[in-house]
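Residue numbers (our numbering): 62 to 412. Accompanying notes for the structure given below.
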Amino acid sequence: MGPHPAVAAIRLAVRRVLHDILNDQTSRVRPGPQLVGAHPDRTPERPPSPLVIVACSGGADSMALASALAFEAPKLGIRAGGITVDHGLQPGSDLRADEVVLRMRGLGLDPVESVAVTVGREGGPEAAARDARYAALDAAAERHGAAAILLGHTRDDQAETVLLGLARGSGIRSLSGMAAVSGADGRYRRPFLQLDRQTARKACMVQSLPVWDDPHNADPAYTRSRLRHEGLPALEKALGKGVVEALARTAQLSRDDADALDAWARQAEASVRDAAGLLECAKLYALPPAVRRRILRRAAIEAGAPAGALFARHIEEIDRLITGWRGQGAINLPGRVVAQRQGGRLVIRQG
Numbered sequence: 062m063g064p065h066p067a068v069a070a071i072r073l074a075v076r077r078v079l080h081d082i083l084n085d086q087t088s089r090v091r092p093g094p095q096l097v098g099a100h101p102d103r104t105p106e107r108p109p110s111p112l113v114i115v116a117c118s119g120g121a122d123s124m125a126l127a128s129a130l131a132f133e134a135p136k137l138g139i140r141a142g143g144i145t146v147d148h149g150l151q152p153g154s155d156l157r158a159d160e161v162v163l164r165m166r167g168l169g170l171d172p173v174e175s176v177a178v179t180v181g182r183e184g185g186p187e188a189a190a191r192d193a194r195y196a197a198l199d200a201a202a203e204r205h206g207a208a209a210i211l212l213g214h215t216r217d218d219q220a221e222t223v224l225l226g227l228a229r230g231s232g233i234r235s236l237s238g239m240a241a242v243s244g245a246d247g248r249y250r251r252p253f254l255q256l257d258r259q260t261a262r263k264a265c266m267v268q269s270l271p272v273w274d275d276p277h278n279a280d281p282a283y284t285r286s287r288l289r290h291e292g293l294p295a296l297e298k299a300l301g302k303g304v305v306e307a308l309a310r311t312a313q314l315s316r317d318d319a320d321a322l323d324a325w326a327r328q329a330e331a332s333v334r335d336a337a338g339l340l341e342c343a344k345l346y347a348l349p350p351a352v353r354r355r356i357l358r359r360a361a362i363e364a365g366a367p368a369g370a371l372f373a374r375h376i377e378e379i380d381r382l383i384t385g386w387r388g389q390g391a392i393n394l395p396g397r398v399v400a401q402r403q404g405g406r407l408v409i410r411q412g
């Protein structure tokens with residue numbers, strides 16, 4: 062008799078991602094030239110087994126992910142480790158982190174560690190905690206030489222992310238939600254984006270895995286929490302079941318469109334610059350707005366504007382220098398970057 066359907070589902074999702082990681086590792090290894098004096102019959106040394114780390118908070122999603130990684134990785138010759146991040150935002154968070162470490166070790170993961178971080182205030186509590194967490198995960202990946210870090214985001218998380226992006230009016234890239242593969246060299250992998258939250262919780266239950274429910278996830282002070290417990294249920298009541306699946310599907314379609322537009326903008330950028338590298342307003346005007354605004358955003362970031370602080374309203378203001386030119390003055394952007402029109406050219410630089 063096989064495993065419970067929920068357990069089978071999470072293992073299959075992880076197995077597919079681990080195969081992808083192995084394929085990526087193989088494609089990066091290219092045989093070098095034969096060394097002078099090397100024995101022709103000697104078998105070349107095999108590269109060490111890649112290390113894959115799971116980011117585990119102790120919640121149902123990440124515990125299910127940790128259990129699936131511990132089960133699947135050895136069968137593929139992959140080393141499996143784990144990390145939990147202590148944000149220090151709740152009393153006893155250090156003790157909880159220690160418990161998560163013990164649970165991951167009990168699954169057979171190695172290396173396993175807990176990392177404490179200091180959460181700042183920039184961008185609000187949720188964004189600050191996320192920034193601190195990813196900085197810790199990046200450092201851990203470098204420290205251990207990990208090939209990838211697995212994250213337990215589910216289809217429900219994806220639906221929430223799409224709705225949050227829609228509420229911000231952030232454009233199609235924001236509506237595309239979280240990517241299955243992201244980060245430097247594809248470091249972050251999200252195997253569960255096609256699985257719902259209930260499947261992960263069920264997998265933990267049938268495997269008798271203890272889980273920790275973060276009280277912040279039920280705290281109405283947090284936007285995502287309100288959306289999870291009030292917004293989405295209200296949408297399902299009004300529109301019927303299937304809202305989560307539809308939003309997740311919207312994310313994938315939006316991502317495909319956004320990727321295509323980004324590629325178009327990259328190809329078009331060279332054609333709208335003059336010999337000195339300045340953007341020509343007349344040529345920019347001839348481009349579709351979606352392509353033009355992507356070029357403007359890239360130019361602002363290259364000039365020093367922080368990507369996270371550059372909003373749609375900033376890009377719209379720059380765009381008016383091209384489409385609604387009435388002799389207006391310079392546009393001040395985040396990062397002390399200034400955009401202005403000079404002699405038919407758009408100049409974006411540090412002010």
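A virtual CB, placed ideally from N, CA and C, is assigned to each residue, including glycine.
If contacts are defined as beta-carbon pairs under 8 Å, then Arg-258 and Asp-217 qualify, I think. What distance do you get, rounded to the angstrom? Here the question's residue 258 lines up with position 197 in the sequence shown. Here the question's residue 217 lines up with position 156 in the sequence shown. About 4 Å separates the two Cβ atoms, so the contact holds.
Taking the beta carbon of Pro-135 as the centre, do at least 16 other beta carbons fall within 10 Å, making it buried, or is it exposed? Counting from one through the sequence shown, the residue named residue 135 turns up at place 74. Pro-135 should be labelled exposed.
Reduced DSSP secondary structure (H/G/I, E/B, other) of Thr-145: Translated into the one-based positions of the sequence shown, residue 145 becomes position 84. Note: Thr-145 maps to strand in three-state DSSP.
Pairwise C-alpha distance: Ser-88 and Phe-253: Sequence index remark: in the sequence shown, residue 253 carries index 192 (1-based). Sequence index remark: in the sequence shown, residue 88 carries index 27 (1-based). Their backbone Cα atoms lie some 24 Å apart in a straight line.
Does DSSP put Tyr-249 in a helix, in a strand, or in coil? By 1-based counting over the sequence shown, the position of residue 249 is 188. Here Tyr-249 sits in strand by DSSP.
Taking buried to mean at least 16 other C-beta atoms within 10 Å of its own C-beta, is Glu-133 buried or exposed? Position 72 of the sequence shown, counting from 1, holds the residue named residue 133. When all chains shown are included, Glu-133 counts as buried.
Taking the CB atoms as reference points, tell me whether Leu-407 and Leu-382 lie closer together than 8 Å. Position 346 of the sequence shown, counted from the first residue, corresponds to residue 407. Position 321 of the sequence shown, counted from the first residue, corresponds to residue 382. Contact: yes.
Ser-110 (DSSP reduced to helix, strand or coil): Within the sequence shown, numbered from 1, the residue matching residue 110 stands at position 49. Coil, per DSSP.
Leu-270 and Ala-116 look like a contact to me (Cβ under 8 Å); what is the Cβ gap, rounded to whole Å? Stepping through the sequence shown from its first residue, residue 270 is reached at position 209. Stepping through the sequence shown from its first residue, residue 116 is reached at position 55. About 16 Å; that fails the 8 Å criterion.
Alpha carbon to alpha carbon, what distance is there between Gln-219 and Arg-140? Residue numbering aside, residue 140 sits at position 79 when the sequence shown is read from its first letter. Residue numbering aside, residue 219 sits at position 158 when the sequence shown is read from its first letter. Between Arg-140 and Gln-219, the C-alpha separation is close to 28 Å.
Could you give the C-beta distance for Asp-147 and Val-176, rounded to a whole number, given that I count them as a contact under 8 Å? By one-based count along the sequence shown, residue 147 stands at place 86. By one-based count along the sequence shown, residue 176 stands at place 115. Indeed, because the Cβ distance is near 7 Å, the residues count as touching under 8 Å.
Counted within 10 angstroms of its Cβ, other Cβ atoms place Leu-222 as buried (16 or more) or exposed: For the purposes of this step, residue 222 is taken as residue 161 along the sequence shown, with counting starting at 1. Contrary to the premise, residue 222 reads as Thr rather than Leu in this sequence. By the 10 Å Cβ count, Thr-222 comes out buried.
Only counting the same chain, and skipping five residues up and downstream in sequence, which positions put a Cβ closer than 7 Å to that of Ala-364? Translated into positions along the sequence shown, residue 364 becomes position 303. The answer, listed in chain order, is Val-398, Ile-409, Arg-410 and Gln-411.
Applying the criterion that 16 or more other CB atoms from any shown protein chain within 10 Å of the CB defines a buried residue, is Gly-238 buried or exposed? Within the sequence shown, numbered from 1, the residue matching residue 238 stands at position 177. That one is buried.
Taking the alpha-carbon positions, what's the Val-78 to Ala-208 distance? One-based indexing of the sequence shown puts residue 78 at position 17. One-based indexing of the sequence shown puts residue 208 at position 147. Their backbone Cα atoms lie some 12 Å apart in a straight line.
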